[in-house]
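Residue numbers (our numbering): 4 to 500.
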């Protein structure tokens, strides 16, 4: 009996070794690159380079790889190959000059599970669904930015709520992240839901918490592992499960708002994005362009992820850099006082008269590097990038960090320097390599709204407060990267001027 058990055990070992050998053969056959394919670092069998990527700062690792392998290189995430594109000129070549070829998103197991077979929302849909949904969202945002009481006015009103909330701290140090999230999210709420929420609303706070967690996890190493090994990761516990649980909670919240709208939507007078979508849904009965209730939920989710997380992070990094460089904060406030004063409500017409302030806000967005890695693309046909062959179906990911810190485009790329956006006469100048919102056909559809928010929120806050931090504390600028780059926890003083 013991001998039979031994032989049985050996048989099992042999079977396992045979399976492993077959997997290695399959892997190395898939691994074989076509002629003139982009180079890249050595990869582990089956796992690829997943474990080489630094968890907190993946964009730094990927940017450094370009110094070794050039501005077009390949790494393997599991068995799949992803070509990374670095530097302003090469990123522009991919997403602007070859926009039609690199406009679609590649297959993602994580996205497929999140979107559950629907039309994939605004950011992960492709083809005619994506084109129609993007155009519809841009038109709707523009409509509610210019009419319905003016979005500029609503931002200024929300700024007052934000200022009042900061004043309740009565000069004590506090964490500003939470209230900044409240203010920014309320702008998107007014476009999507037609209303704002009180900062004490529990359901609103739960939604914001889920948004923050989901935004981090979607860009984390856990998401890379899930996409690389979906069959395994689906069965394993871990932080990656939070991606889907947070998503479900957000969908439930949004669905409640949709049901509320369905009770009294007026086809002749839509109040917001949901109303407009529901009206469009009734006019497109075949739903082939994504106008169905399931996709409405996902489109709303995308608008919140893109429209609240990014702008809030910009404001957070802005406070850090203004505190870190108090002489710059003083100079901005002096310009605001001279042009607008401390009591007059700022408007977008003030922006051309505030060149230094405008330059500082642009530099905050550059070094803040809110979205370090752009969304992935897939090659629609065989092409070349940087002299390398990119076969049809290859995943391509533009590295926006490498653009915003490109040493060939910026005089002092690693230094916070508002002079990057000023000429010798102190006039504001635009820079082609300023691409925090990406570029081309997949550029951020809410860029205009985000620029308005950043300007109006910052100017109104700097009119009212002088910002500083605890004595002897040096605010950190490393942060942690998920889908967006988040500052390490910090506290500030907001002293009334």
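All residues carry an ideal CB built from backbone N, CA and C; glycine is no exception.
Problem - Delimiting residues of the beta strand (DSSP E) encompassing residue 79 - result: Element bounds for residue 79: 75-80.
Problem - Simplified DSSP state of residue 391, which is helix, strand or coil - result: Residue state, collapsed to three classes: strand.
Practice task
List the whole-angstrom C-beta distance separating residue 294 from residue 287, where the pair is believed to meet the contact cut-off of C-beta under 8 Å.
Solution key: Indeed they touch by this definition, with Cβ atoms about 4 Å apart.
Handout entry: Coil, strand or helix - residue 95 by DSSP
Key = If DSSP states are grouped into helix, strand and coil, residue 95 belongs with the helices.
Practice task
Determine the direct distance from the alpha carbon of residue 440 to that of residue 373, and round the result to whole angstroms.
Solution key: If I take the Cα positions, the gap works out to 9 Å.
Handout entry: Where the beta strand (DSSP E) through residue 119 begins and ends
Key = In this chain, residue 119 is not harboured by any beta strand (DSSP E), its DSSP state being neither H nor E.
Exercise for the section: Express the C-alpha separation of residue 459 and residue 100 in angstroms, rounding to a whole number. Expected result: Between residue 100 and residue 459, the alpha-carbon positions lie close to 33 Å from each other.
Problem - Rounded distance between the beta-carbons of residue 388 and residue 71, thought under 8 Å - result: Between residue 388 and residue 71 the Cβ distance is about 17 Å, and since that is not below 8 Å, they are no contact.
Problem - Those runs of the beta strand (DSSP E) which lie wholly inside the region 360-407 and span at least 3 residues - result: For the region 360-407, whole beta strand (DSSP E) runs of length 3 or above, ordered along the chain, are 386-388, 391-393 and 398-401.
Exercise for the section: Could you work out which residue in 363, 470 and 314 is closest to residue 450 when comparing CA atoms only? Expected result: Residue 314 is the option with its Cα nearest to residue 450.
Handout entry: The beta strand (DSSP E) enclosing residue 471, as first and last residue numbers
Key = Where residue 471 is concerned, the enclosing beta strand (DSSP E) stretches over 468-471.
Exercise for the section: Compare the Cα-Cα distances from residue 245 to each of 212, 165, 266 and 184 and report the closest residue. Expected result: Of the listed residues, the one whose Cα sits closest to residue 245 is 212.
Practice task
Output the distance between the C-alpha atoms of residue 125 and residue 116, rounded to the nearest integer angstrom.
Solution key: Going by the C-alpha atoms only, they are around 16 Å apart.
Problem - Nearest candidate by alpha-carbon position, reference residue 340, set 265, 170 and 464 - result: Per the Cα distances, 464.
Exercise for the section: Would you mind reading off the limits of the alpha helix (DSSP H) that contains residue 88? Expected result: Bounds of any alpha helix (DSSP H) do not take in residue 88; it lies within the beta strand (DSSP E) bounded by 83-88.
Practice task
Spell out a yes or no on whether the region 179-191 and the region 308-325 are touching, meaning 3 or more CB-CB pairs, one atom from each, closer than 8 Å.
Solution key: In short, these stretches touch, since the Cβ pair count reaches three.
Handout entry: Inter-residue Cα distance where the pair is residue 358 and residue 157
Key = In a straight line, the C-alpha of residue 358 is about 24 Å away from that of residue 157.
Practice task
Please go through the same chain and pick out, in chain order, the residues whose beta-carbon is closer than 8 Å to the beta-carbon of residue 118, but skip the five residues on each side of it.
Solution key: Cβ contact annotation for residue 118 (same chain, cutoff 8 Å, sequence separation greater than five): 124, 127 and 301, in chain order.
Handout entry: Distance, residue 86 Cα to residue 402 Cα
Key = So the two alpha carbons sit approximately 10 Å from each other.
Practice task
Can you say whether residue 515 is buried or exposed, counting buried as having 16 or more other CB atoms within 10 angstroms of its CB?
Solution key: Nothing about residue 515 can be reported from this structure: the residues present for the chain run from 4 to 500 only.
Exercise for the section: For residue 495, write down the residues that DSSP places opposite it in a beta bridge. Expected result: Within the DSSP secondary-structure output, residue 495 pairs in a beta bridge with 177.
Problem - Contact belief for residue 487 with residue 316 at Cβ below 8 Å, rounded distance in angstroms - result: Correct: roughly 5 Å between the Cβ atoms.
Practice task
Below 8 Å on the Cβ atoms is my guess for residue 220 versus residue 242; work out the distance and round it to an integer in Å.
Solution key: About 6 Å separates the two Cβ atoms, so the contact holds.
Exercise for the section: Given a cut-off of 8 Å, decide if residue 332 and residue 207 are closer than it, judged by their beta-carbon atoms. Expected result: At the C-beta level, residue 207 and residue 332 stay beyond 8 Å of one another.
Handout entry: Distance CB(residue 406)-CB(residue 382) smaller than 8 Å
Key = Cβ distance not < 8 Å, so residue 406 and residue 382 don't count as in contact.
Problem - C-beta contact flag for residue 69 and residue 90 at 8 Å - result: Contact annotation: residue 69 and residue 90 have beta-carbon atoms nearer than 8 Å.
Practice task
Check whether the region 420-433 touches the region 359-379, counting contact only when three or more Cβ pairs, one atom from each stretch, lie closer than 8 Å.
Solution key: Touching, per the Cβ criterion.
Handout entry: Reference residue 145; option with closest CA among 337, 195 and 417
Key = Measuring C-alpha to C-alpha distances from residue 145 to each of 337, 195 and 417 identifies 195 as the nearest.
Practice task
Taking the CB atoms as reference points, tell me whether residue 483 and residue 59 lie closer together than 8 Å.
Solution key: Using a Cβ distance threshold of 8 Å, residue 483 and residue 59 count as a contacting pair.
Exercise for the section: Compute the Euclidean distance between the alpha carbons of residue 268 and residue 296, then round it to the nearest angstrom. Expected result: Using only the alpha carbons, I get a separation of about 14 Å.
Practice task
Following the continuous alpha helix (DSSP H) through residue 261, name the residue where it begins and the one where it ends.
Solution key: The continuous alpha helix (DSSP H) containing residue 261 extends over residues 244-265.
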